[in-house]
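With the first letter of the sequence shown counted as 1, position 15 gets the number 15 in our numbering; the numbers rise by one all the way through. Glycine included, each C-beta is placed from N, C-alpha and C at the ideal position. Notes for the one structure printed next.
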Amino acid sequence: MSSTVLVAGSANLDFVVRAAHVPAPGETVLGREFRTFPGGKGANQAVACARAGGAATQMLLALGTDDFAKPIEASLSDAGVLLHAVRDAQLPTGTAFICLSDDAENAITVAPGANMALLPEHLPALDGVQWLLLQLESPLASVQAYATAARAAGVKVALNAAPAQVLPAELLAQLDMLIVNEGELAVVAGNPPDLATGLAQLDVPCVIVTLGARGSLARIDGQILVQPAFSISPLDTTAAGDTFCGTLVALLARDEPLQQALLAASAASALACTRLGAQSSIPEHAEVQALLADASRLPGTDAHAALAAWCAL
């Protein structure tokens, strides 16, 4: 029987415009191409999980009854995600407005809409679910309720603490894994002076910190693992972190060792950075395997040593 991951979280329709650079406050920039893409942290992570292979993927999400919901549903269904969709006729489907610069930086404004209608009582039955994957684009009370219910049912809980906010100790106590980037680590851990201090301050069995183009590191059972990033020329980094999260949890659900899961998540994230859009950029399982099979592309021992030294761990 295949492992199952339930992703509970946000789904948005992304409105993306490309420009030479991201506007500064008060600045108007003349953009170029405009496209829409299915997005949202929760939905992106669900697609990444499904495409990683080996783990059946379900998603709990809230949508409006407008036309913006249709491409989101289609994208998730095409990826093989089983949907538990809450409908809210009073709120529009969530949207995100993204300016993507020529150097692959972006500025994102999210209008959550129906995502705020995802309530504690909407959590489906957890029978057969091995991992619950959460983010913070849904109401915090719902996130905490889902984590508590999953822990009580013996389901492992992973939280991607994005967008960053201070988290209650009661939520942290329910987590098996916390995934943050450097900025999110600073918020969640209370502005620690360095990575090591931030990792030590978080009472979660496993903490993973993504470090952008440098790679990632994990603290588990008192041990530190480092994973250098793959070398790429980025085009659009919009869903890179979500691709990392979904791929990582999918591999853990099928009982892959954490170091191997970090490597595959890094490879998937790198590939996502080379394509436009959120869910449209997330690679298929075969593409990730092809990258992992190319020994010339794998980060070597020197890269591992360099990352460990940079982290001062």
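Query                                                                                                                                                                                             : Result
Go ahead and pull the three-state DSSP assignment for residue 93.                                                                                                                                 : coil
Is residue 304 helix, strand or coil by DSSP?                                                                                                                                                     : helix
Which residue or residues does DSSP assign as beta-bridge partners of residue 51?                                                                                                                 : In DSSP, residue 51 forms no bridge with anything.
How close, in whole Å, do the beta carbons of residue 253 and residue 130 come, if the pair is a contact with beta carbons under 8 Å?                                                             : 5 Å
In three-state DSSP terms, what is residue 72?                                                                                                                                                    : helix
Which residue wins for smallest C-alpha separation from residue 196, given the options 312, 294, 55?                                                                                              : 312
Alpha carbons only, please: which of 192, 194, 202 is nearest the one belonging to residue 173?                                                                                                   : 202
Helix, strand or coil for residue 15, going by three-state DSSP, please let me know.                                                                                                              : strand
CA-CA distance, residue 308 and residue 216?                                                                                                                                                      : 10 Å
With three or more C-beta pairs closer than 8 Å as the rule, is the region 122–129 touching the region 98–114?                                                                                    : no
So, with DSSP's three-state summary, where would you put residue 158?                                                                                                                             : strand
For residue 55, which option in 91, 3, 19, 273 has the closest C-alpha, if you only look at C-alpha atoms?                                                                                        : 3
Indicate whether residue 248 and residue 267 have their beta-carbon atoms separated by less than 7 Å.                                                                                             : no
Assuming residue 5 is part of the beta strand (DSSP E), what are its boundary residues?                                                                                                           : 3–8
Going residue by residue through the region 191–277, where are the continuous beta strand (DSSP E) segments of at least 3 residues, counting only ones entirely within it?                        : 206–210, 215–220, 223–228
Please go through the same chain and pick out, in chain order, the residues whose beta-carbon is closer than 6 Å to the beta-carbon of residue 80, but skip the five residues on each side of it. : 50
Buried or exposed, going by whether 16 or more other CB atoms sit within 10 Å of the CB of residue 166?                                                                                           : exposed
Can you tell me whether DSSP reads residue 135 as helix, strand or coil?                                                                                                                          : coil
Output the boundary residues of the beta strand (DSSP E) element that contains residue 84.                                                                                                        : 82–87
Which class does residue 43 belong to by DSSP, given the choice of helix, strand or coil?                                                                                                         : helix
Thinking C-alpha only, which one of 143, 66, 91, 269 is nearest residue 283?                                                                                                                      : 269
According to DSSP, is residue 151 helix, strand or coil?                                                                                                                                          : helix
Per the DSSP calculation, residue 38 is bridged to which residue(s)?                                                                                                                              : 13
Candidates 38, 141, 21: which alpha carbon is nearest residue 15's?                                                                                                                               : 38
Using 8 Å as the Cβ pair cut-off and three pairs as the minimum, do the region 102–117 and the region 62–70 touch?                                                                                : yes
Can you name the residues that DSSP bridges to residue 99?                                                                                                                                        : 17, 107
Could you tell me the distance, in whole angstroms, from the CA atom of residue 171 to the CA atom of residue 144?                                                                                : 6 Å
CA-CA distance, residue 18 and residue 209?                                                                                                                                                       : 29 Å
The beta strand (DSSP E) that contains residue 178, what's its start and end?                                                                                                                     : 177–181
With a cut-off of 8 Å on the beta carbons, I'd call residue 5 and residue 175 a contact; round off their distance for me.                                                                         : That pair is no contact at about 15 Å.
Which same chain residues, not among the five before or five after residue 280, have their C-beta less than 7 Å away from its C-beta?                                                             : 37
Provide the residue(s) that pair with residue 59 in DSSP beta bridges, ordered along the chain.                                                                                                   : 7, 83
Evaluate residue 223 with the Cβ neighbour count: other Cβ atoms within 10 Å of its Cβ, from every protein chain shown; 16 or more gives buried, anything less gives exposed.                     : exposed
Name the residue from 74, 177, 298, 73 whose alpha carbon lies nearest to the alpha carbon of residue 263.                                                                                        : 298
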